[in-house]
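Peer 1:
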Amino acid sequence: MKIDKSEKMQKMGDYFSALDRNGSGHLEKSEFLGMIRSQQGTPPWENNPDWTPESQLESRMKKRDLNGDGLLS
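Under the working numbering, think of the first position of the sequence shown as 31, with each following residue one higher.
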């Protein structure tokens, strides 16, 4: 069964809202870090000490925080 674009956007919006713990409409670094830490499976930092949730936070924020305000919207 193929998911159409509007359904995919709705699911992404639901996921974003679940991560936005304070309901601000933005993901703050602490909320985004919580998402990274909660990802399923073996934590990558157990196999690679250079991979930490904090290093991933900085890397992912640089890619996604397009306006540089420290928030994801």
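Built from N, CA and C at the ideal position, the CB exists for glycine as well.
Run through the DSSP bridge pairs and tell me what L102 is partnered with.
Peer 2: Its beta-bridge partners are L57.
Peer 1: Applying the 10 Å Cβ sphere with the 16-neighbour rule, what's the burial state of L96?
Peer 2: Answer is exposed; the Cβ neighbour count stays below 16.
Peer 1: Please state if the CB of H56 and the CB of L101 are separated by a distance shorter than 8 angstroms.
Peer 2: yes
Peer 1: Over what stretch of residues does the alpha helix (DSSP H) that includes Q40 continue unbroken?
Peer 2: That run of the alpha helix (DSSP H) goes K35 to L49.
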